[in-house]
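According to our numbering, the stretch in the sequence shown is residues 132 to 480, in order.
All C-beta atoms, glycine included, are put in the ideal place defined by N, C-alpha and C.
Have a look at the structure below, then the notes.
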Amino acid sequence: MVYSSGFKYEGNWVRDKQKGHGKTTSSDGYVYVGEFAQNRYHGKGLLTYPDGFVHEGVWVDGKKHGQGKQICADGKVLEGEFRDGKIYNGIGVLVHRNGTVQEGTWVEGEMEGQGKYTTKDGNKYVGAFEQNRKHGQGVMTCPDGTVYEGTWVEGKLEGQGKDTQKNGFVYVGEFLQDCKHGHGVMTYPDGNVFEGTWVEGKRHGQGKYTTVDSKVLEGEWKEGKFYNGCGIQVFSGSVVKEGTWVEGKMEGQGKHTSKDGEKYVGGFVQDNYHGHGVMTFADGNVYEGMWMNGLKHGQGKQTSLEGQVVEGEWKDGKIYNGSGVLVLPNGAVHEGTWVEGKMEGQGKY
Numbered sequence: 132m133v134y135s136s137g138f139k140y141e142g143n144w145v146r147d148k149q150k151g152h153g154k155t156t157s158s159d160g161y162v163y164v165g166e167f168a169q170n171r172y173h174g175k176g177l178l179t180y181p182d183g184f185v186h187e188g189v190w191v192d193g194k195k196h197g198q199g200k201q202i203c204a205d206g207k208v209l210e211g212e213f214r215d216g217k218i219y220n221g222i223g224v225l226v227h228r229n230g231t232v233q234e235g236t237w238v239e240g241e242m243e244g245q246g247k248y249t250t251k252d253g254n255k256y257v258g259a260f261e262q263n264r265k266h267g268q269g270v271m272t273c274p275d276g277t278v279y280e281g282t283w284v285e286g287k288l289e290g291q292g293k294d295t296q297k298n299g300f301v302y303v304g305e306f307l308q309d310c311k312h313g314h315g316v317m318t319y320p321d322g323n324v325f326e327g328t329w330v331e332g333k334r335h336g337q338g339k340y341t342t343v344d345s346k347v348l349e350g351e352w353k354e355g356k357f358y359n360g361c362g363i364q365v366f367s368g369s370v371v372k373e374g375t376w377v378e379g380k381m382e383g384q385g386k387h388t389s390k391d392g393e394k395y396v397g398g399f400v401q402d403n404y405h406g407h408g409v410m411t412f413a414d415g416n417v418y419e420g421m422w423m424n425g426l427k428h429g430q431g432k433q434t435s436l437e438g439q440v441v442e443g444e445w446k447d448g449k450i451y452n453g454s455g456v457l458v459l460p461n462g463a464v465h466e467g468t469w470v471e472g473k474m475e476g477q478g479k480y
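See below:
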């Protein structure tokens with residue numbers, strides 16, 4: 132019989148129902164040869180898919196149910212007991228319609244023991260499984276070159292492991308729920324190394340950061356940032372800070388080199404230049420004196436690269452009361468006496 136949809140059935144009928152041995156061919160290329168009952172696959176049968184995939188085995192009410200064997204077009208085989216259309220107990224390779232491939236052993240419908248799992252986008256896990264989840268020792272490799280290896284618990288990295296990123300970051304240490312958590316060592320692409328405590332993927336707790344040229348920053352970290360301790364902190368753009376940190380801020384004596392080449396040596400309060408300090412500017416000018424909240428404030432002396440000096444009281448970064456020669460960053464030169472921030476008396480501009 133050929134239906135209007137293009138579906139074709141050849142075989143036995145009982146009371147207008149497909150029953151006994153028969154063959155169906157669908158319009159989209161599915162072919163089943165085997166036993167039927169109540170218009171459904173029922174008993175032993177062979178189903179061939181359009182892509183060449185074949186399932187041979189026992190069917191119940193239209194579903195794979197009982198002993199069976201699946202063979203992919205490329206020869207991959209899955210054999211064992213099926214229930215309600217799914218592998219239940221068996222061994223082999225299961226190819227899903229979405230492109231995911233599972234290879235291993237199934238016990239009561241779940242992957243168990245050693246196996247392999249490959250997603251359609253190329254992520255591949257090789258290792259131990261329990262109840263269809265990564266569980267035990269295993270290695271996950273991503274298409275971009277990222278590799279996770281270690282102990283897995285219920286699908287997540289737990290305990291000791293290693294995370295190698297495509298951009299050169301390498302972490303070796305403890306994990307919790309796929310996050311760096313506990314003691315671990317991170318090696319950065321530039322060769323710098325952090326060793327210490329991590330919480331939920333961030334440096335948090337006691338740790339030590341060592342640069343490739345042996346500069347050391349050691350103390351307490353909080354949510355990824357240095358919090359309490361002392362040493363040398365190197366930032367991007369050649370920015371370097373050296374000193375003591377209290378609750379995430381530089382305090383006391385220290386050094387700071389900015390990305391444009393300015394170098395400050397002196398006191399800090401709350402990350403700001405504060406107290407006595409010496410600043411060598413990028414143009415070669417040098418200021419030595421008092422600072423407040425990051426600005427020249429109080430008694431100080433500024434000397435230009437050519438030896439010109441202006442000395443006196445500074446306020447909010449500018450000369451306030453004093454005399455001498457002031458060379459500005461734009462090259463302008465002011466020579467004379469300043470009273471309350473303004474030039475007074477004889478002078479030169």
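Residue(s) in a DSSP beta bridge with residue i
| i | result |
| --- | --- |
| Ala259 | Gln245 |
| Lys492 | Not covered by the structure: residue 492. The range shown for the chain is 132 to 480. |
| Val377 | Lys380 |
| Val409 | Val396 and Glu419 |
| Tyr279 | Met271 and Asp294 |
| Glu141 | Lys154 |
| Ser112 | This structure leaves residue 112 out entirely; the chain is present only between 132 and 480. |
| Gly286 | Partner(s): none; Gly286 has no beta bridge. |
| Met474 | Trp469 |
| Phe213 | Gly197 and Ile218 |
| Thr250 | Looking at the DSSP assignment, Thr250 forms no beta bridge with any residue, so it has no partner. |
Where the beta strand (DSSP E) containing residue i begins and where it ends
| i | result |
| --- | --- |
| Glu393 | Glu393 -> no beta strand (DSSP E), and no H or E assigned at all. |
| Asn424 | Premise fails: Asn424 is in no beta strand (DSSP E) and is neither H nor E. |
| Tyr163 | Val162 to Ala168 |
| Val238 | Val232 to Val238 |
| Lys207 | It is not in any beta strand (DSSP E) - Lys207 carries neither H nor E in the DSSP assignment. |
| Thr468 | Val464 to Val470 |
| Val343 | That residue, Val343, is in no beta strand (DSSP E); it is neither H nor E in DSSP. |
| Val316 | Cys310 to Thr318 |
| Gly221 | Lys217 to Val226 |
| Gly362 | Lys356 to Val365 |
| Gly304 | Val301 to Leu307 |
| Val370 | Looking at the DSSP string, Val370 is not in any beta strand (DSSP E), and its letter there is neither H nor E. |
| Val441 | Val440 to Lys446 |
| Lys484 | Past the boundaries of the shown model lies residue 484; the chain is included only from 132 to 480, so the question cannot be answered. |
| Asn452 | Lys449 to Val458 |
| Val324 | Val324 to Val330 |
CB of residue i within 8 Å of CB of residue j, strictly
| i | j | result |
| --- | --- | --- |
| Tyr180 | Tyr163 | no |
| Tyr279 | Gly267 | no |
| Met410 | Glu393 | yes |
| Gly153 | Phe167 | yes |
| His173 | Asp147 | no |
| Val370 | Thr342 | no |
| Leu457 | Val441 | yes |
| Lys311 | Trp329 | yes |
| Glu349 | Lys356 | no |
| Val208 | Val224 | yes |
| Gly151 | Gly142 | yes |
| Met271 | Asn298 | no |
| Gly211 | Gly197 | no |
| Trp445 | Gly467 | no |
| Phe399 | Gly429 | no |
| Gly425 | Tyr404 | yes |
| Thr434 | Asn461 | no |
| His314 | Gly322 | no |
| Tyr100 | Gly235 | What the structure shows of the chain is the stretch from 132 to 480, and residue 100 is not part of that stretch, so it cannot be assessed. |
| Phe260 | Met242 | yes |
Rounded separation between residue i and residue j - CA only
| i | j | result |
| --- | --- | --- |
| Glu289 | His335 | 18 Å |
| Asn229 | Phe366 | 45 Å |
| Glu351 | Cys361 | 9 Å |
| Phe300 | Asp275 | 13 Å |
| Gln345 | Arg264 | For the sequence presented, residue 345 should be read as Ser rather than Gln. The straight-line gap from Cα to Cα measures roughly 43 Å. |
| Val316 | Gly258 | 24 Å |
| Asp414 | Lys449 | 17 Å |
| Lys194 | Asp159 | 19 Å |
| Gly176 | Lys139 | 16 Å |
| Ala463 | Gln384 | 33 Å |
| Gln149 | His186 | 20 Å |
| Gly233 | Phe325 | Note that residue 233 is Gln in the sequence shown here, rather than Gly. Looking at the two C-alpha atoms, the distance is approximately 38 Å. |
| Val396 | His407 | 9 Å |
| Tyr134 | Trp144 | 15 Å |
| Gly183 | Leu307 | 43 Å |
| Phe485 | Gln439 | With the chain covering only 132 through 480, there is no way to say anything about residue 485. |
| Tyr248 | Tyr302 | 24 Å |
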